[in-house]
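What follows is a single structure, written as structure tokens, with notes after it.
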Amino acid sequence: MTAQLSFEDVKVGDEIPEHSKVVKREDVKAYADASGDQNPLHQDDSFAQMVGFPGIIAHGMFTMAHLTSALTRWLGDPAALKAVNAQMRAVVFMDETIEAGGTIAGLDPETKRAKLDVWVRVERAGVTEYPIKNSTAEVELA
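Numbers in our numbering are just positions in the sequence shown, counted from 1, shifted up by 4.
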């Protein structure tokens, strides 16, 4: 299957709609249970503090899942997301709002595929941090 989004409706430079999520402890716990990653860094505040964080942090792949959710919402069909290459660069704390988005960086009319520059950001004390940056995705459009 391909995206519900038409190749003719996009151009290089277009931004995909940003998708925001407040990171909650129960969501991180549910992710830990679903993924099998029970690392105490993601579940035990005392452990996280012992290694230098103010409390537990979200899994890097939890943040990646948010990015892929933003992409599939935009595409209209999860199967249209063909690849994601991501660099995880910063931690995400509980109760922070993460925003995922991206820009169309290239279009191939022969395959109807688009290359996207994608990211996840968080505002922290007036500074923008990028838990995911220098990252790309490839999608197939209708």
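Note that CB positions come from ideal geometry on N, CA and C, so glycine has one too. No experiment lies behind these values; they were computed from the predicted model shown.
- [ ] Please check the pair D18 and I108, which I expect to be a contact at CB under 8 Å, by giving their CB distance rounded to whole angstroms.
- [x] 5 Å
Task: C-alpha distance - N89 paired with S73, whole-angstrom precision - done: 15 Å
Open item on the list: Do V27 and L75 count as a contact pair if the criterion is CB distance below 8 Å?
Closed with: No, these two residues do not count as a Cβ contact at 8 Å.
Task: Neighbourhood of P44 by C-beta, 7 Å cutoff - its chain only, sequence neighbours within 5 removed - done: F51
- [ ] Under 7 Å Cβ to Cβ from P82, same chain only, skipping five residues before and after it: list those, please.
- [x] Excluding sequence neighbours, P82 sits near T76.
Open item on the list: By the DSSP assignment, the beta strand (DSSP E) with S139 in it spans what residues?
Closed with: V131 to E144
- [ ] Would you kindly report the start and end of the unbroken beta strand (DSSP E) that includes E127?
- [x] E127 -> beta strand (DSSP E) spans R117 to R128.
TODO: Using beta-carbon positions only, say whether L145 and K119 come within less than 8 Å of one another.
DONE: no
Task: Nonlocal neighbours in the same chain, by C-beta distance under 6 Å from E12, ignoring five residues either side - done: Nothing listed; no residue qualifies.
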